[in-house]
Amino acid sequence: MIMSATTAIVTGGSSGLGYATSKALIDAGWKVVMLDMNAQAGQQRIAEFGAQNCAFYALNVTDEAGVEAVMATIFAEHTNIRLCLNCAGVAPAKRTLDREGNPMPLGDFAKAININLVGSFNVARVVASYFAKNEVDGESAERGLIINTASVAGYEGQIGQTAYAASKGGIIGLCLPMARDLAPLGIRVNTIAPGVMGTPMLLAMPDKVQDALTANVQFPKRLGLPEEFAKLVLHIFENKYLNAETIRLDGGLRMPPK
231 MIMSATTAIV TGGSSGLGYA TSKALIDAGW KVVMLDMNAQ AGQQRIAEFG AQNCAFYALN
291 VTDEAGVEAV MATIFAEHTN IRLCLNCAGV APAKRTLDRE GNPMPLGDFA KAININLVGS
351 FNVARVVASY FAKNEVDGES AERGLIINTA SVAGYEGQIG QTAYAASKGG IIGLCLPMAR
411 DLAPLGIRVN TIAPGVMGTP MLLAMPDKVQ DALTANVQFP KRLGLPEEFA KLVLHIFENK
471 YLNAETIRLD GGLRMPPK
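In our numbering, the protein residues as written are 231 to 488.
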């Protein structure tokens, strides 16, 4: 596929890893459709990137009817959509039992699962239905690529990460069967599991907190860069033999209990 002729959908596209990837895609000649709950941030991104390069739609990824309606609009108004990147998510921290022995409210656990896992599947399932109608790329016979965002916490969840780790572990488990479901249609599915990434929220933390987070990174001994996440997205798109894979992007990090 010719990258300059393609359009990408990015959930969580106005901040963090989604924003970094949206920027990298636009710099590479793509058009990007950003989806996010924060409408104000979305308008700021349109002003930054230019309306000729991007569009924004406010969306709650857990809303079944809302996702179906927004995708119908997007695929009617934009052409040659070949990539969907799911970055929308939350990162709650709460123990199974608190210090007084009280159980975590079930709603807190369910919220993380619903946004991170169910929300990713909700977007992917609808996008796949439109990708299936794309013309195949002559060289690769591919119709589209879906990339979901997991986390190393999906493998090594820390204390207080039961909900987050379960949601990200679910995304890891989702990758292979979804790829198998969509393979006959020429749609690839991959997952990225980032480690500790230098998003604005994390970079705003005190140096001692950042140092603690990078203590177990093997090399390079630093936070990952959002730009490195974006580069991996571009590589996965270009490398057509990458399918059904969850790729850790973590500098060799293996998370300790805390």
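No residue lacks a Cβ here, since even glycine has one placed at the ideal position from N, Cα and C.
Residue range L336 to A342 is occupied by the alpha helix (DSSP H) that includes G337.
Collapsing the DSSP output to three states places I304 in a helix.
Nearest to M264 by alpha-carbon distance, out of A460, N316, A258 and A302, is N316. In the structure shown, F279 falls within a helical segment according to DSSP collapsed to helix, strand and coil. Boundaries of the beta strand (DSSP E) harbouring Y287: C284 to A288, taken from the DSSP string. For G248, same chain residues with a beta-carbon under 8 Å away, outside a window of 5 residues either side, are V240, T241, G242, M264, D266, L315, C317 and A318 in chain order. Secondary-structure assignment with DSSP links V263 through a beta bridge to I239 and A285.
It is roughly 11 Å from the alpha-carbon of G349 to the alpha-carbon of G296. Counted as a single uninterrupted DSSP element, the alpha helix (DSSP H) harbouring T444 occupies residues D437 to T444. As DSSP reads the structure, T326 sits in no beta bridge. Its Cα nearest to that of R275, the residue S245 stands out among A299, E330, A302 and S245. Under the Cβ criterion (8 Å, minimum of three pairs), the stretch 414-429 counts as touching the stretch 370-385. Considering only G425, V291 and V366, the residue with the shortest C-alpha distance to A354 is V291. With respect to I389, P487 sits close: the two C-beta atoms are nearer than 8 Å. The DSSP-derived three-state label of V291 is coil. In terms of Cβ geometry, P424 and L479 form a close pair [threshold 8 Å].
Counting only the Cα atoms, A442 lies some 13 Å from Q448. In the structure shown, R410 adopts helical secondary structure according to DSSP, grouped into three states.
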